[in-house]
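A.B. asks: Have a look at the structure that comes next, please.
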Amino acid sequence: MRNFIHLSLYVIFIFASVFLLNGCDEENTIIPPSEHFEPEGWVVRDATSKPIMVIWQGIIQNEWQGNPVEDTLTAPLNALSEHLTIKFLDINKNLINPPAGSDHTFGYSISDTSVLSIVQDSRTDWAFHLKGKKEASTKIELQVKHAGHVDVRTPLIPVVVKVDTTAYGEPEGIRLSYEATGAILATADANTSSGIISVKKDSITNHIKIEFYDDQGRYFQPEYPLHSLQYVVADGIIAEIIPEPAEPWVIKLKGKAIGNTSVVFKLIVGGVAEFTSHPISISVN
3 MRNFIHLSLY VIFIFASVFL LNGCDEENTI IPPSEHFEPE GWVVRDATSK
53 PIMVIWQGII QNEWQGNPVE DTLTAPLNAL SEHLTIKFLD INKNLINPPA
103 GSDHTFGYSI SDTSVLSIVQ DSRTDWAFHL KGKKEASTKI ELQVKHAGHV
153 DVRTPLIPVV VKVDTTAYGE PEGIRLSYEA TGAILATADA NTSSGIISVK
203 KDSITNHIKI EFYDDQGRYF QPEYPLHSLQ YVVADGIIAE IIPEPAEPWV
253 IKLKGKAIGN TSVVFKLIVG GVAEFTSHPI SISVN
């Protein structure tokens with residue numbers, strides 16, 4: 003009798019286990035993880051899409067497709083490098099785009115953050131600027147992050163910070179002046195503005211030059227077409243901004259009706275406003 007009871011309990015246990023396991027399978031279906039991105043190489047390109055650094059199977063190259071490439075990146079002191087973009091290489095050394103979707107993001111690690119920083123025009127872009135903080139050298143690791151962890155990484159890339167008198171920093175303000183005479187019409191940062199743009203009714207001004215300035219007081223016109231200019235006139239009945247097709251940083255102002263209004267300028271990169279000015283006054287008389 004005792005053996006029979008033990009056998010019965012054993013059978014019941016087996017059936018219960020099978021039932022529970024089947025129930026778990028139905029309720030907790032295993033979802034395969036999303037694919038990992040596994041390129042064979044990295045290509046860092048300048049603003050003209052020319053490769054300036056190539057990493058193939060973990061090794062920084064000295065030449066690529068018969069052309070010399072850098073084994074060290076350069077960052078300007080207290081200024082931004084040109085717009086650098088990232089592409090990848092497959093096993094056949096074909097250029098491929100970064101992975102799509104929000105699961106994969108661009109990441110980086112800087113060995114000495116007192117020497118170097120990275121500035122991104124948009125955090126969702128596979129692109130960046132290098133910004134030097136002091137004249138020195140450090141190293142940077144570029145990364146592909148997948149769901150928060152590092153999926154792919156470069157070897158440590160040497161970076162040297164040097165003074166570059168042609169470079170400039172992030173835009174802090176805007177200045178408008180007549181192109182022909184250099185007479186300043188107005189300036190603005192994100193919070194304040196001074197000056198006024200005046201025009202007579204039914205008239206159009208001469209060419210007005212747009213410049214931006216950084217935190218070091220350096221005036222510049224950004225790389226085009228990576229950057230573009232947008233503007234919004236508060237009252238389009240009073241005045242209208244007319245772009246100059248062949249000159250991306252030149253405008254004209256047309257007076258349409260007597261009155262006062264204002265205009266806001268935006269510096270756009272990758273569809274995002276990198277800088278937005280305080281409203282600048284317009285007078286039509």
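Residue numbers for the sequence shown, in the working numbering: 3 to 287.
We put the beta carbon where it would ideally sit given N, CA and C, even for glycine.
Would you please state the rounded distance, in angstroms, between the beta carbons of Ile54 and Arg47? I believe it to be under 8 Å.
C.D. replies: With a Cβ gap of about 7 Å, Ile54 and Arg47 count as contacting.
A.B. asks: Here's the rule I'm using: 16 or more other beta-carbon atoms within 10 Å means buried, otherwise exposed. How should Tyr170 be labelled?
C.D. replies: So Tyr170 ends up on the buried side.
A.B. asks: Quick check on the DSSP output: the beta strand (DSSP E) that includes Asp153 runs from which residue to which?
C.D. replies: Residues 151 to 155.
A.B. asks: Are the stretch 223 to 241 and the stretch 179 to 193 touching by the rule of at least three beta carbon pairs closer than 8 Å?
C.D. replies: As far as the Cβ criterion goes, the stretch 223 to 241 does not touch the stretch 179 to 193, which means the pair count is below three.
A.B. asks: According to DSSP, is Trp128 helix, strand or coil?
C.D. replies: Residue state, collapsed to three classes: coil.
A.B. asks: Report buried or exposed for Leu97, applying the criterion of at least 16 other Cβ atoms within 10 angstroms of its Cβ.
C.D. replies: With fewer than 16 Cβ atoms within 10 Å of its Cβ, Leu97 is classed as exposed.
A.B. asks: Note down, in chain order, each residue of its chain lying with its Cβ closer than 8 Å to the Cβ of Ala77, except the 5 sequence neighbours on either side.
C.D. replies: Ser83, Leu118, Leu132, Lys133, Gly134, Val161, Val162, Val163, Lys164, listed in sequence order.
A.B. asks: Which residues in the same chain have their Cβ closer than 7 Å to the Cβ of Ile85, if we skip the five residues on either side of it in sequence?
C.D. replies: Note that residue 85 is His in the sequence shown here, rather than Ile. Taken in chain order, the residues that qualify are Ala49, Ala129, His131, Glu225, Leu228.
A.B. asks: What's the gap between the Cα of Phe277 and the Cα of Lys268?
C.D. replies: So the two alpha carbons sit approximately 6 Å from each other.
A.B. asks: Is it the case that the Cβ atoms of Gly175 and Ala188 are separated by a distance below 8 Å?
C.D. replies: No, the pair does not count as a contact, with Cβ atoms beyond the cut-off.
A.B. asks: Report back the beta-carbon spacing between Ser124 and Val274 to the nearest angstrom; my notes put them in contact at under 8 Å.
C.D. replies: Contact flag correct, Cβ pair sits at about 5 Å.
A.B. asks: Spatial neighbours of Gln232 within its chain, please: CB distance less than 6 Å, with the 5 preceding and 5 following residues excluded, ordered by chain position.
C.D. replies: Lys268, Ile270.
A.B. asks: According to DSSP, simplified to helix, strand and coil, what is Val161?
C.D. replies: Reduced to three states, the DSSP call for Val161 is strand.
A.B. asks: Would you kindly check if the distance between the Cβ of His209 and the Cβ of Phe39 is under 8 Å?
C.D. replies: Taking 8 Å as the Cβ cut-off, Phe39 and His209 do not qualify as a contacting pair.
A.B. asks: Taking the continuous beta strand (DSSP E) assigned at Thr87, which residues delimit it?
C.D. replies: Here the beta strand (DSSP E) through Thr87 covers 86 to 91.
A.B. asks: Just curious, the beta strand (DSSP E) that Pro245 is in, first and last residue?
C.D. replies: Element bounds for Pro245: 241 to 246.
A.B. asks: Just to confirm before moving on: does the CB-CB distance between Ile284 and Leu255 stay below 8 Å?
C.D. replies: In this structure, Leu255 lies closer than 8 Å to Ile284 by Cβ.
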